[in-house]
Structure formats: structure tokens, C-alpha cells
Ligand code: GLV
Ligand code: MN
Ligand code: MN
């Protein structure tokens with residue numbers, strides 16, 4: 004049984020072809036507001052982001068891993084990811100960032116601050132996608148951060164803190180880059196095969212990192228002043244309520260198990276129905292039980308069986324073993340524990356009744372993380388100053404920001420996802436919402452720069 008291969012489906016050198024000059028585009032990058040309508044002055048600095056340029060970068064970037072249906076296959080460590088990283092590095096250098104790749108394969112671009120001794124203020128996201136994903140989940144916060152840096156440069160605005168734009172590696176396959184920074188990454192994950200076909204260890208090497216030195220990438224409290232991530236909502240709340248900016252209050256915790264249902268393989272034609280130990284039947288009952296247990300208590304927790312594989316996996320053999328993933332998410336880790344406890348009890352009953360014992364093994368854990376209250380205020384202040392409607396909301400999706408929360412205060416900004424669609428080729432956010440979100444990112448960053456030590 005190849006668990007490593009199963010995990011490939013569960014988890015889902017600096018890039019090639021740096022583009023050289025011209026990423027910014029002729030006539031852009033030096034004159035404030037170029038290419039867009041005249042910008043109203045930003046309250047503190049006069050700086051505003053250039054929405055037209057940011058939207059064009061997003062469009063250009065969508066070619067990396069583009070699919071015929073409009074979506075992207077830019078899975079972490081794939082050739083498309085590598086090529087996209089090359090483009091992003093070129094862009095970061097063009098806006099004046101000093102770029103390096105850390106031991107985990109994260110791309111980090113630094114801009115100096117004015118006050119000696121202050122830790123960096125981080126902003127960024129990821130650029131990898133799920134298979135058949137969209138071009139907004141990750142790239143918005145990544146290119147949005149680069150746009151903020153370019154806008155500051157155009158406006159001649161310096162920050163007290165150094166700025167660090169971070170493009171985290173392998174967010175979709177387990178938040179590898181940010182969890183290395185947080186000291187949450189478990190070394191056994193290096194062996195897991197990802198949707199690119201490479202293991203995480205191979206992938207880190209491919210991206211220019213060093214899996215043997217991951218401990219050196221760890222950051223502790225004091226190593227960063229704070230972190231801000233702009234992201235698409237990936238849900239329907241903002242669109243339904245006609246609100247432009249989501250002020251994230253907290254990010255769900257996530258726990259994932261592999262369930263193995265142990266049956267007995269035998270001939271599908273000659274084994275009477277009352278003499279079978281059918282692992283698939285046990286798995287089917289467990290799928291139903293996961294849904295039932297998650298719904299049995301009030302709250303917004305969710306549970307998913309996203310992957311199932313039967314062995315030997317042919318029509319004429321009763322499955323002798325079935326592997327499946329179980330994922331539970333909730334804003335409170337206690338809720339996850341209680342739901343997982345209930346699922347464990349159900350698994351034991353099903354195993355006994357069906358003659359197919361079930362073993363459960365955790366392979367991924369990501370802690371829930373509230374955002375820092377000061378960052379919520381700064382995001383709200385920036386949205387107010389720009390005249391954008393806003394509301395507070397939780398995040399049901401996982402984000403690199405929740406890893407960073409282990410060593411630095413963080414905040415997140417959401418913009419509407421049309422139709423609430425994400426992790427889907429039709430994922431889309433409107434250009435005006437993207438511009439609004441990036442301007443709020445800029446405004447919140449400047450507020451944090453003044454408010455943080
Ligand atoms: C990441 O997008 C996740 O929520 O799984
Ligand atoms: Mn994301
Ligand atoms: Mn995602």
C-alpha cells in the first residue's frame with residue numbers, strides 16, 4: 004500500500020525565465036497614478052496603489068499554468084510554479100526589493116526602513132494553486148504586496164520598519180513555507196508526495212531551498228513586527244451583503260487524518276454477501292458518519308472526506324483496504340477535538356459491526372489563529388478613510404497568516420469572490436474590488452508602521 008502516493012492526493016533554485024526589463028511596462032512605475040484615473044490623496048501620505056497596473060499584473064501572471072477552461076494548474080513545485088516564481092522575482096527586483104530565497108524556498112524581498120533596529124513588517128501571500136484552481140487565491144496578496152511597495156516608491160514614502168514581501172512556498176499543499184517559519188513543520192512531511200509529483204523535500208530543493216537546514220528558517224517572537232495578507236474571500240458573504248472589505252477576525256484550525264479501513268480482499272463473484280469483510284462498505288459508512296458527527300453540534304465547523312482510494316481497486320475484487328482523508332475545520336481547536344473524538348468513536352463501531360477495523364492517523368495540524376485586534380482596527384481605519392464598506396468576518400480557508408501568528412501579530416483583508424467560487428477555474432474577483440483591497444492593504448500597512456514597535 005503506497006501511503007506516500009495516497010498522501011500525494013491528500014496534500015496536494017529560483018524559477019526559470021526571469022523576464023528581465025519590461026515587467027512593469029513602459030511608462031509605468033515612476034509617475035504616481037499613471038495609467039489610472041486621478042487618485043484622491045491618501046490621508047497620511049498621498050500614496051495610492053495603481054489598480055490598473057495591479058490588475059494587469061494579475062492577468063499577465065495567469066499565463067503560468069493556464070488551463071483551457073480559464074483556470075490554472077500551478078501546483079507547488081511544478082514547472083508552472085517555478086516559472087511563475089521567476090516572473091515574480093523579476094518583478095520584485097524591478098520595484099527595488101532585495102530578493103533572496105530562504106531555506107524553505109520562500110521568496111523574500113526586502114526594502115529598508117528608516118529606523119535602525121526595528122524588525123521587518125511583513126506582507127505577502129502565495130502563488131501556488133490547487134489543481135484546476137483560479138488565479139486570485141494567493142496571487143492577489145502576493146502581487147498586491149509588490150504593488151504596495153511600488154506605490155510607496157512612486158510616492159517617495161519611506162517606512163520606519165523595513166518591509167518584507169514574502170511569497171510563501173507550497174501554501175496549498177500544507178502551508179510548508181509559513182509553517183517552517185513558525186516552527187510548525189514536521190520533518191516527516193518532507194517525504195509526502197505533492198500534486199506536482201515531487202515530494203515536499205524534493206520540491207524545496209527545486210525552489211532553491213535546503214530541506215536539511217529548515218531549522219535555520221525558523222522565526223521567533225520579535226523577529227517580525229507584524230504581517231498583513233490580502234486575499235480573496237473564497238465565500239459569498241461580502242458579495243451577498245454588498246460589502247467591499249472583509250476584516251478577518253480569525254482563521255480556522257485544520258486537522259487531517261488518514262483513515263485506513265482494513266478488510267479482506269476476495270473474489271467479487273464467488274464470495275457470498277454474508278461472508279465479506281468489505282473495506283469499501285466500511286469506508287462508505289465512515290463517510291456518512293463524518294458528515295453526521297460534524298453536523299450533530301451547533302456551530303460553523305465543517306468536515307470533509309476529500310479523497311478515497313480502494314485497493315486493489317478493480318471491479319472484480321472486494322476491496323481489502325481503503326484509504327481516505329478526513330479533514331475537520333473550526334475556529335476553536337476544542338471543537339475540532341470534540342468532533343474528531345466523535346468520529347473516532349463512530350469508526351470503532353463501524354469497524355466492529357462491519358468486520359473491518361479502522362485505524363486513524365493524523366498527518367496534518369494547523370492551529371486556529373485570531374487576528375490581532377490592532378490590525379483589525381488598522382484595516383477598518385484604512386477602509387473608512389477610503390470610503391469602502393467593511394465588515395468583520397471569520398476565514399474558513401487556511402492561510403499563511405495563521406502560521407505567522409505564532410511569532411508575530413497579523414491581520415488579513417478580504418475582497419469579494421464573485422459567486423463565492425474558489426479552488427475552481429471560474430474563481431474571479433472584480434478589478435475595482437482588487438484595487439480597493441490593495442489600497443486598504445497600503446493604508447493598513449502605513450498605520451501598522453506607525454503603531455508597531
Ligand atoms: C487553503 O486554501 C485551504 O484552506 O485549504
Ligand atoms: Mn490562499
Ligand atoms: Mn487556496
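Residue numbers (our numbering): 4 to 456. Virtual Cβ for every residue (Gly too), placed ideally from N, Cα, C.
Nearest to residue 260 by CA position, among 222, 332, 251 and 216, is which residue? 332
Next on the checklist: I'd like to confirm the pairing. Which residues does DSSP put opposite residue 249 in its beta bridges?
Outcome noted: 394 and 417
Spell out a yes or no on whether the stretch 79-93 and the stretch 187-200 are touching, meaning 3 or more CB-CB pairs, one atom from each, closer than 8 Å. yes
- Task: Apply the 10 Å Cβ neighbour rule to residue 232 and answer buried if 16 or more other Cβ atoms are within range, or exposed otherwise.
- Result: Residue 232 is classed as buried because its beta carbon has at least 16 other beta carbons within 10 Å across all chains shown.
- Message: According to DSSP, simplified to helix, strand and coil, what is residue 441?
- Response: helix
Inset, instruction - Would you mind working out which of 120, 351 and 338 sits nearest residue 228, comparing C-alpha positions? - result: 120
If you scan the stretch 204-273 from start to end, which runs of the alpha helix (DSSP H) of 4 or more residues do you find wholly inside it? 240-244
Q) Mind checking residue 322: buried by the 16 CB within 10 Å criterion, or exposed? A) buried
Point to revise | Cβ distance (whole Å) where residue 447 is taken to contact residue 388 below 8 Å | key: No, residue 447 and residue 388 are not in contact; Cβ-Cβ is about 10 Å, not under 8 Å.
ask   = What do you get for residue 273, buried or exposed, if any count of 16 or more other CB atoms within 10 angstroms of its CB means buried?
value = exposed
Checklist entry - Does the beta carbon of residue 84 fall short of 6 Å from some heavy atom of ligand 2? => result It does not: the Cβ of residue 84 is nowhere closer than 6 Å to a heavy atom of ligand 2.
### Query
If you count every other CB in all the chains shown that lies within 10 Å of the CB of residue 175, and 16 or more means buried, which is it?
buried
Check your understanding: Is it true that the CB of residue 398 sits closer than 7 Å to the CB of residue 3?
Key -> Only positions 4 to 456 of the chain appear in the structure, and residue 3 is not among them; the question remains open.
Original post:
CA-CA distance, residue 290 and residue 215?
Top reply: 38 Å
* Below 8 Å, can you find three or more Cβ-Cβ pairs linking the stretch 431-444 to the stretch 138-149? -> yes
Requested in this report: Could you have a look at residue 386 and say whether DSSP puts it in helix, strand or coil?
Outcome: Reduced to three states, the DSSP call for residue 386 is helix.
- For the beta strand (DSSP E) that residue 306 lies in, which residues bound it at each end? 305-307
Any heavy atom of ligand 2 within a distance shorter than 6 Å of the CB on residue 176? no
**Study point:** Which of helix, strand or coil DSSP assigns to residue 343
**Key:** helix
Residue 136: CB within 6 Å of a non-hydrogen atom of ligand 2
No, the beta carbon of residue 136 sits no closer than 6 Å to any heavy atom of ligand 2.
* Kindly examine ligand 3 and report whether one of its heavy atoms sits closer than 6 Å to the Cβ of residue 215. => no
For residue 391, is the classification buried or exposed, using 16 other Cβ atoms within 10 angstroms of its Cβ as the cut-off for buried?
buried
The stretch 308-326 in contact with the stretch 343-352 per 3-pair CB rule at 8 Å: The stretch 308-326, when compared against the stretch 343-352, does not touch it at the 8 Å Cβ threshold.
Considering only their Cβ atoms, is the gap separating residue 149 from residue 75 smaller than 7 Å? Contact: no.
Please write down, chain order preserved, every residue whose beta carbon lies under 5 Å from a heavy atom of ligand 2.
140 and 141
task = Starting from residue 112, trace the beta strand (DSSP E) both ways and give me its first and last residue.
result = 110-114
| said: Would residue 258 and residue 368 be called neighbours here (beta carbons separated by less than 7 Å)? | reply: yes
ask   = Counting along the chain, where does the beta strand (DSSP E) carrying residue 168 start and finish?
value = 166-171
Looking at the structure shown, is residue 373 part of a helix, part of a strand, or coil, going by DSSP? Here residue 373 carries a strand assignment [DSSP, helix/strand/coil].
Closest by C-alpha distance to residue 293, when choosing among 94, 138, 210 and 306
Among 94, 138, 210 and 306, the Cα nearest to that of residue 293 is on 306.
Practice task
Report yes or no: do three or more beta-carbon pairs, one from the stretch 203-220 and one from the stretch 376-384, lie closer than 8 Å?
Solution key: Cβ pair count under 8 Å is below three, so no.
**Asked** Per DSSP, what kind of secondary structure is residue 175 in: helix, strand or coil?
**Response** coil
Under 8 Å, with one C-beta from each stretch per pair, do the stretch 54-63 and the stretch 161-172 reach the 3-pair mark? no
*asked:* Does residue 278 pass the burial test, meaning 16 or more other C-beta atoms within 10 Å, or should it be called exposed?
replied: exposed
Leaving out the 5 sequence neighbours to the left and right, which residues in its chain are closer than 7 Å to residue 208 when beta-carbon positions are compared?
214
Would you mind reading off the limits of the alpha helix (DSSP H) that contains residue 55?
54-64
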